[in-house]
Amino acid sequence: IMRDATTTFAIALVDASRMMGPVPVVFVPGFTQTAASWDGVVPYVRGAVVLDVPLRNTFAATAAAIGAAGGPAIYVGYSMGARLCLRLALDRPDLVQGLVLVSGSPGIEDAGEREQRMTADDALAASVEREGVEAFLAMWLAQPMFANVRDDAPGVAARKELTAEFVADCLRVLGAGVMEPLWDRLGELRMPTALVTGAADTKYDAIAEAMIERIRTGVFHVRLDGGHALPQECPAELGKFVAAFAAEH
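So for the sequence shown, the numbering used here puts the first residue at 4; every next one is plus one.
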């Protein structure tokens, strides 16, 4: 099922006092991000709980730690955070009442591609350990997929507070190369699920469409007017959508 942003927000014009029930909405940031990356989104969502990534020694253990911190809730994850929330939803569906995956992926299916990605991520981890976080972030945010992220966008400055050890460990423990792909488990999802992508993010838009084919029921895809980094590019639009999703579910 596809809903464009206009249709979604037509459904979503709910009085602010009725946007949230008793279930909290837990937000999980992406790679090289802190909880501050959601600062432009959470003002629209009552009951928001914003987490930093509680890094553990494996991908699955980190997803479990997110569930332990957030408890029963609607979970919203961006990019790396979306992959973690997806793993949590599959491993602990009792905790995940609803799921919003923003610019997310179930991982890399092809074993050869995973191996290449793991090697590349290990090289990036070594570079951040060698050159420091600020130099690494300058390189990372210079990628075309982040071209529309302004220097004053929510959470950008806070990234510089991360340690080189944490960023490197995220690459080695939570990277898409080391992550067990979840494509074959998508049909297990039973909670309401929204896949949110930017209209200009053709790679992740195609991934979302492929995910819908595997999930099949209880899922819809929303395109917002942005690229990959939606929490920074269009935080208000994303916040209003999450508030509407929480009100509906």
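C-beta: ideal position from N, C-alpha, C; glycine also.
If you count every other CB in all the chains shown that lies within 10 Å of the CB of R162, and 16 or more means buried, which is it? Looking at its Cβ environment, which holds 16 or more other Cβ atoms inside 10 Å, R162 is buried.
For V52, which three-state DSSP category applies? Strand at V52.
The alpha helix (DSSP H) that contains F149, what's its start and end? Neither: F149 is in no alpha helix (DSSP H) and is coded neither H nor E.
Can you name the start and end residues of the beta strand (DSSP E) that A197 belongs to? Membership of A197 in the beta strand (DSSP E) is indicated by the continuous run T196 to G201.
Tell me, which residues are paired with Y78 by DSSP? Answer by DSSP bridge pairing, in chain order: V29 and L102.
Out of T220, A64, V225 and A72, which has the shortest C-alpha to C-alpha gap to F30? Closest option to F30, judged by alpha-carbon separation, among T220, A64, V225 and A72: A72.
Neighbour-count burial assignment, E240, 16 or more Cβ in a 10 Å radius: Around the Cβ of E240, a 10 Å sphere holds 16 or more other Cβ atoms; the residue is buried.
Tell me, please, which residues DSSP counts as bridged to A248. At residue 248 the sequence reads Phe, which differs from the Ala that was named. As DSSP reads the structure, F248 sits in no beta bridge.
Assess, as a yes-or-no matter, whether the region 172 to 185 is touched by the region 53 to 62 under the definition of 3 or more beta carbon pairs within less than 8 Å. For the pair of segments examined, the region 53 to 62 was found to touch the region 172 to 185: the number of CB pairs separated by less than 8 Å reaches three.
Enumerate, from N- to C-terminal direction, the unbroken alpha helix (DSSP H) stretches of 4 or more residues contained entirely within the region 151 to 227. If we require 4 residues or more, the alpha helix (DSSP H) runs fully inside the region 151 to 227 come out as 167 to 177 and 205 to 218.
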